[in-house]
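I have placed the structure first, in the form of structure tokens, so that the comments after it can refer back to it.
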């Protein structure tokens with residue numbers, strides 16, 4: 001499937017770049033459906049890493065380092081790890097190193113102190129637009145959504161631990177994004193809820209009607225991919 005995408009492209013380099021952009025989600029048909037990962041597919045993904053290599057060292061997590069390089073490093077790691085797993089590579093043979101850290105949440109279950117100063121509810125802080133903290137559930141859930149390519153079976157790390165520790169914050173974040181009509185963010189966050197549900201965790205929000213709402217009212221190929229993956233995780237699609 002991946003190799004065929006490159007072979008049929010008018011511009012193979014652009015096709016390889018697209019593989020890197022899609023990242024770990026390129027493996028979703030092999031992880032969640034019955035697609036067969038052929039050696040030619042592995043060669044195409046490996047070639048995409050050779051043409052667009054990730055940094056050799058991993059950046060510091062926020063707030064010590066910038067957020068975007070750290071997010072990219074996590075997504076690179078997810079893609080490289082799944083490639084190594086599907087090809088039975090030797091331990092440590094992944095093409096990208098694993099970053100450190102995970103989005104930090106300090107108010108997972110209840111708001112912290114203070115008054116209702118912005119209309120969001122008693123004691124709930126407005127997101128800090130400086131980008132220096134991810135500790136409030138609003139900003140934390142958005143950050144987790146930016147790491148949604150990690151919400152796939154076969155991956156494990158501190159980001160997954162953070163998700164399992166805060167299903168309520170994820171549910172709040174997904175609901176807030178829908179109410180703000182930010183459907184792409186809602187779809188990304190809902191992927192984490194779907195993964196937790198697939199693992200047997202109790203979550204405070206039924207993701208099925210939420211995904212149906214996003215499918216009907218959202219738009220764009222990226223959102224469609226996130227919704228399709230979440231539905232597969234929940235076994236809503238089997239064909």
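In the numbering used here, the protein residues as written are 1 to 239. Idealized CB from N, CA, C, for every residue including glycine.
Option in the options with minimal Cα separation from residue i
i           : options            : result
residue 177 : 83, 217, 14, 65    : 217
residue 152 : 229, 146, 167, 221 : 229
residue 51  : 35, 16, 63         : 16
residue 138 : 10, 166, 215, 149  : 166
residue 56  : 97, 87, 181, 71    : 97
residue 156 : 105, 207, 30, 85   : 85
residue 105 : 214, 39, 33, 140   : 140
residue 107 : 28, 92, 135, 183   : 135
residue 142 : 158, 169, 164      : 169
residue 30  : 161, 87, 69, 61    : 87
residue 39  : 89, 236, 184, 21   : 89
residue 181 : 92, 219, 201, 204  : 219
residue 21  : 72, 204, 184       : 72
residue 201 : 161, 186, 34       : 161
residue 163 : 183, 203, 184, 185 : 203
Own chain partners of residue i with C-beta closer than 8 Å, once the 5 adjacent residues on each side are dropped
i           : result
residue 298 : Outside the displayed span of the chain (1 to 239) sits residue 298, for which this structure offers no information.
residue 221 : none
residue 65  : 59
residue 42  : 83, 86, 87
Cβ neighbours of residue i in the same chain (closer than 6 Å, five flanking residues each side left out)
i           : result
residue 233 : 194, 195, 198
residue 188 : 145, 148, 226
residue 54  : 76, 96
residue 32  : 232
residue 13  : none
residue 150 : 78, 159
residue 28  : 229
Pair within 9 Å by beta-carbon distance, residue i and residue j
i           : j           : result
residue 94  : residue 77  : yes
residue 172 : residue 226 : no
residue 79  : residue 23  : yes
residue 223 : residue 214 : yes
Contact set for residue i: own chain, Cβ-Cβ below 7 Å, skip 5 residues either direction
i           : result
residue 9   : 15
residue 207 : 190, 193, 194, 197, 230, 234
residue 37  : 30, 86
residue 81  : 94, 155
Touch test, the stretch 93 to 102 against the stretch 171 to 185, Cβ-Cβ under 8 Å, three pairs minimum: no
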